[in-house]
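Before any comments, here is the structure.
Residue numbers (my numbering): 15 to 263.
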């Protein structure tokens with residue numbers, strides 16, 4: 015990989031990283047997930063994975079359905095359906111024009127809307143069918159949808175002394191950034207923009223320690239459109255940063 019002849023994927027490039035290496039990433043949308051696992055830097059010789067100067071790379075776990083794509087079929091009233099192939103990681107998040115849609119667990123709930131969320135979806139894994147209700151009075155073909163098909167973006171499991179800097183990380187079914195696993199130590203996630211997922215950052219494990227989530231912009235569009243009852247009456251995740259048995263802070 016060189017500036018004039020770079021590697022094509024983050025998955026391949028990151029598989030080659032050892033202590034002291036720097037991976038500079040050019041602008042583009044990288045539809046990849048579970049990145050940077052088991053990379054081993056050293057305290058005085060870390061691995062740096064960063065946006066190239068002046069570039070804005072995006073790590074994106076979704077498939078996009080563009081307006082006027084003719085992908086949608088009307089089922090009834092304001093319920094529409096399209097076919098989305100599940101990659102095996104689960105469909106766990108859908109955005110409409112960048113705003114979170116509410117996840118219902120059945121087609122009946124989507125139809126009846128017991129939480130009065132309006133903009134909502136249901137995925138039938140048996141038939142790979144995604145059902146939506148726009149909540150706008152317009153058809154889905156007038157909106158852009160991002161359907162998350164990958165669980166994790168940056169997944170620092172078993173990684174040590176890696177620095178991840180300068181990315182936009184978005185649209186994942188679980189969390190864009192996960193730091194977990196035995197001897198996951200000394201990693202730094204800094205100066206990234208993280209959004210579009212049930213949760214943003216997840217740290218887990220008593221043997222996961224001395225990691226820093228630092229100076230990132232974390233946000234979620236659309237939650238304020240839903241009622242207090244919907245937010246508090248549901249287990250649908252909405253955490254910015256969650257530390258689960260991963261130490262103080």
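Built from N, CA and C at the ideal position, the CB exists for glycine as well.
- Contact check between the stretch 80-93 and the stretch 56-72: fewer than three CB pairs, one atom from each, fall below 8 Å, which does not count as touching.
- With fewer than 16 other CB atoms across the displayed protein chains lying within 10 angstroms of its CB, residue 68 is exposed.
- Secondary structure of residue 245 (DSSP, three-state): helix.
- Assignment of beta-bridge partners to residue 64 by DSSP yields 38, 179.
- Counting only runs that start and end inside the stretch 132-189, the beta strand (DSSP E) elements of at least 3 residues fall at 134-138, 143-147, 159-162, 166-171, 176-179, 182-184.
- The alpha carbon of residue 123 has as its nearest neighbour, out of 244, 78, 258, the alpha carbon of 244.
- Following the DSSP letters along the chain, one finds residue 26 inside the alpha helix (DSSP H) bounded by residues 24-29.
- Residue 201 sits in coil when the DSSP states are folded into three classes, being neither helix nor strand.
- DSSP, read as helix, strand or coil, puts residue 32 in coil.
- In this structure, the CA atom of residue 47 is about 25 Å from the CA atom of residue 119.
- In the structure shown, the three-state DSSP call for residue 129 is coil.
- In this structure, the alpha-carbon of residue 242 lies about 13 Å from that of residue 250.
- Beta-bridge partners assigned by DSSP to residue 209: 184, 233.
- Around the Cβ of residue 43, a 10 Å sphere holds fewer than 16 other Cβ atoms; the residue is exposed.
- Annotated as distal: residue 145 and residue 183, with beta-carbon spacing of 8 Å or more.
- Between residue 73 and residue 181, the C-beta spacing is below 8 Å.
- Residue 142 is classed as exposed because its beta carbon has fewer than 16 other beta carbons within 10 Å across all chains shown.
- Between residue 165 and residue 198, the CB-CB gap reaches or exceeds 8 Å.
- Taking all protein chains shown into account, residue 53 has 16 or more neighbouring C-beta atoms within 10 Å of its C-beta and is therefore buried.
- Here the alpha carbons of residue 66 and residue 209 stand approximately 21 Å from one another.
- Cβ neighbours of residue 259 within its own chain (closer than 7 Å, five residues either side excluded): 218, 219, 220.
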